[in-house]
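Asker: Residue numbers (my numbering): 45 to 557. Backbone N, C-alpha and C define an ideal beta-carbon position, used for all residues, glycine too. Quick caveat: nothing in here was measured; it's all calculated off a predicted structure.
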Amino acid sequence: MSPPRSRALALACAALALVLTAAGCGSGSDGGRDGDSGKGGSRSGSPIGWKPCAAPTAAQGGGKAPGTGWECATLPVPLDYAKPDGETIGLALIRARATDTEHRIGSLVFNFGGPGGSGVATLPEFDKSYAGLRARYDLVSFDPRGVGESAGVRCLDDRELDASEKTDATPDDDAELTAALTQNKRYVDACGRRSGKVLPHVGTTDAARDLDRLRAALGDDKLNYFGISYGTELGGVYAHLFPKRVGRAVLDAVVDPDQDPVQGSLAQAKGFQLALTNYLKSCASGPGASNCPTQDSITALLKKLDANPLPTARKDRPLTQDQAANGIAAALYSQEAWKYLTAGLREATSKGTGTTLQLLADSLAGRAPDGRYSNLQAANRAISCADAQQRYTPDDVKSRLPQFRSASPVFGEPAAWALLQCTDWPVKGAWKSPDVRADGSAPIVVIGNTGDPATPYEGARTMTERLGKGVGIGVTYRGEGHGAYNSGNGCMTRLVNDYLLNGKVPKTGTTCS
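1) Applying the criterion that 16 or more other CB atoms from any shown protein chain within 10 Å of the CB defines a buried residue, is S443 buried or exposed?
2) Are the stretch 298 to 317 and the stretch 471 to 491 touching by the rule of at least three beta carbon pairs closer than 8 angstroms?
3) So the beta strand (DSSP E) Y323 belongs to, where does it begin and stop?
4) What's the gap between the Cα of C69 and the Cα of T386?
5) Taking 8 angstroms as the cut-off, does the stretch 457 to 471 touch the stretch 503 to 515 (at least 3 CB pairs, one atom from each stretch)?
6) Find the nearest neighbour of A98 within the set I92, Q365, A117, judged by alpha-carbon distance.
7) Please name the residue, chosen from L152, Y384, D144, that lies closest to F270 on a Cα-to-Cα basis.
8) Examine the Cβ distances between the stretch 176 to 195 and the stretch 126 to 144 and report whether three or more of them are shorter than 8 angstroms.
9) In the DSSP assignment, what are the bridge partners of N2?
10) Just to confirm my understanding: we take G236, look at its own chain, exclude 5 residues before and 5 after, and list those with CB closer than 6 angstroms. What are they?
11) Should G82 be labelled buried (16 or more other beta-carbon atoms within 10 Å of its own) or exposed?
12) Report the partner residues of V153 according to the DSSP bridge assignment.
13) Reducing DSSP to helix, strand and coil, say where V290 ends up.
14) Strictly by DSSP, which residues pair up with A432?
15) Could you pull out every residue in the same chain whose Cβ sits closer than 8 angstroms to the Cβ of A498, ignoring the five residues on either side in sequence?
16) Is G415 helix, strand or coil by DSSP?
17) Is the beta carbon of G398 closer than 7 angstroms to that of L346?
18) Is there at least one non-hydrogen atom of the ligand SAM closer than 6 angstroms to the beta-carbon of S239?
19) With burial defined as no fewer than 16 other Cβ atoms inside 10 Å of the residue's Cβ, what is the status of P446: buried or exposed?
20) Once DSSP output is grouped into helix, strand and coil, what is the label at G68?
21) Count the other CB atoms within 10 Å of the CB of N155; is the residue buried (16 or more) or exposed (fewer)?
22) If you check the beta carbons only, do A375 and Y384 fall under 7 angstroms apart?
23) For S88, collect the residues of the same chain with a Cβ closer than 6 angstroms to its Cβ; drop the 5 residues on either side in sequence, then sort them by chain order.
24) Let me confirm a value: S394 is counted as buried when at least 16 other C-beta atoms fall within 10 Å, else exposed. Which label applies?
25) Tell me where the alpha helix (DSSP H) around T222 begins and ends.
26) If you follow the beta strand (DSSP E) that E121 is in, where does it begin and where does it stop?
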């Protein structure tokens, strides 16, 4: 889960503003390191041919063209790095040039996470957030391989994805389990049929090698990098493979590199439950407290929805239990969206309609208001399954359900059953957990947010330790939501900008609140 979904959430919130106004409501193994030989260590290929950007495609999430100041291009990279002179794929790129050319440092490359988020679509959405960094950096992002317009993985089409909503993803009996497994197999088979050629080559190690190709093509001796959410894992793997090519790097909203899928899913269930608890406390202590939901009212709503979905503005798409849980989770990515969660829960409990929660759920699913899906879901699954070796069975999930339910009565079961996503996947995973040791690397600033639901704070501590002494520089943000830099906290903005712009490495243990 990731900030690309924050982009989708922003689009959903724009739609929600109209809806709510009308309704009168108040949003492992990496195969070894490559040689460290500087700019020439990774072939740059042809010069990048920058040109004005078109609007993001449906696969990238749609939207308007970013306009003046943004340039787009395609960088050819090997499909299979074991055959570097063989077939290539194109990486979709976007760039905004530095405004202070006299003091330009170089390029700053962003990965916004997911995995599966389009950097081409996302970077312009955060233009104002990164304006200070753009003074001395060319801001650059890309669609990682398998994502968006970079040989994007295709599985089910829009109609099939809408139809899949009718399958209960948290089965309560054998019939529902059989239906869930059948739907999962249908999804996996579609991925293999429509994208079988790229599925073996969309893992994080390949993406890290793409990053080095991009660094070289941009003409930079070192990679200056800003990774968010899954982008922190990609950054850690890059630092492990190419430690001498790391420039100034920031990892924000950090994925725990030690956790296997069970541990990661369980940690997320706990993280979202903590965020939900914090939201409920905040709502109950603010204005309009009498209209605030409670933990009991939320669990009662979800139980009711299991058997009786609520009508929405779309008569053919009632709000299901799974969508409601996802809608609640979506709103917990940002404290700014808490008001939409309050409105959505109030709408569901008092008016018996689920439009708002469904719009929030759609933001997580990558579904635009026009019914088109980005390839976020497909890319997320393909990259996750290309990385992780673990494959789980229904019995594995059943045995762990009590633990997950204890972690969260709202998010526990969905997190547990999601462990089946790689069952029957046609490609073996690369590792049990990624190696991020980066001896010899320049310092990397690692930011953990104490209230982060999707990448709980403990992951930042682990990443700091695994990068190695003198490499990982741990920094804490005491706040809510996914990530820290884009929270608007002045202390965090100054700290990161001072490091990236002036090279001032913060002291390990520095805290912003």
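Answerer: On the basis of the supplied data:
1) By 1-based counting over the sequence shown, the position of residue 443 is 399. Flag for S443 reads exposed.
2) yes
3) Along the sequence shown, read from residue 1 onward, the residue named residue 323 stands at position 279. Careful: Y323 lies outside any beta strand (DSSP E), inside the alpha helix (DSSP H) at 305 to 328.
4) In the sequence shown, the residue the question calls residue 69 occupies position 25. In the sequence shown, the residue the question calls residue 386 occupies position 342. Caution applies to C69, whose pLDDT of 38 falls short of 50 and renders its modelled position unreliable; the value that the coordinates give is listed next. Cα to Cα, C69 sits roughly 9 angstroms from T386.
5) Short answer: they don't touch.
6) Indexing the sequence shown from 1 puts residue 98 at position 54. Selected option, being the one with the closest Cα: A117.
7) The sequence position of residue 270 within the sequence shown is 226, counting from 1. With distances taken between Cα atoms, F270 lies closest to L152.
8) yes
9) The displayed coordinates of the chain run from 45 to 557. Any statement about residue 2 would go beyond what the structure contains.
10) The residue given as residue 236 occupies position 192 in the sequence shown. Within its own chain, the residues whose Cβ lies closer than 6 angstroms to the Cβ of G236, once the five positions on either side in sequence are excluded, are P470, listed in chain order.
11) Position 38 of the sequence shown holds residue 82. In this prediction, G82 scores a pLDDT of 40, lower than 50, which makes its location untrustworthy; no coordinate-derived value is stated.
12) Within the sequence shown, residue 153 is the residue found at index 109, counting from 1. Bridge partners of V153: V184, Y269.
13) Translated into positions along the sequence shown, residue 290 becomes position 246. DSSP places V290 in strand when its eight states are reduced to three.
14) Within the sequence shown, the letter at position 388 stands for residue 432. Answer is W475, bridged to A432.
15) Counting from one through the sequence shown, the residue named residue 498 turns up at place 454. Same-chain partners within the cutoff: M45, S46, S273, A297, Q312, G315, F316, Y377, H526.
16) As a first step, residue 415 is located in the sequence shown; it is residue number 371 there, counting from the start. Coil.
17) Position 302 of the sequence shown holds residue 346. Position 354 of the sequence shown holds residue 398. In this structure, G398 does not lie closer than 7 angstroms to L346 by Cβ.
18) The ligand SAM is not part of the structure shown, which contains no ligands of any sort.
19) Within the sequence shown, numbered from 1, the residue matching residue 446 stands at position 402. It counts as exposed.
20) Position 24 of the sequence shown, counted from the first residue, corresponds to residue 68. Confidence is the limiting factor: at G68 the pLDDT is only 35, short of 50, which leaves the residue's position unreliable and the question unanswerable from this model.
21) Counted from its first residue, the sequence shown places residue 155 at position 111. Classification for N155: buried.
22) Here residue 375 refers to the residue found at position 331 of the sequence shown. Here residue 384 refers to the residue found at position 340 of the sequence shown. Going by C-beta atoms, A375 is nearer than 7 angstroms to Y384.
23) Locating residue 88 in the sequence shown gives position 44, counting from the first residue. Any reading at S88 must be qualified, since the residue scores a pLDDT of 47, below 50, and its modelled position is unreliable; no value is offered.
24) Taking the first residue of the sequence shown as position 1, residue 394 is located at position 350. So S394 ends up on the exposed side.
25) Numbered from its first residue, the sequence shown carries residue 222 at position 178. First-last of the alpha helix (DSSP H) with T222: 218 to 239.
26) The sequence position of residue 121 within the sequence shown is 77, counting from 1. For the sequence presented, residue 121 should be read as Val rather than Glu. Note, V121: beta strand (DSSP E), 114 to 122.
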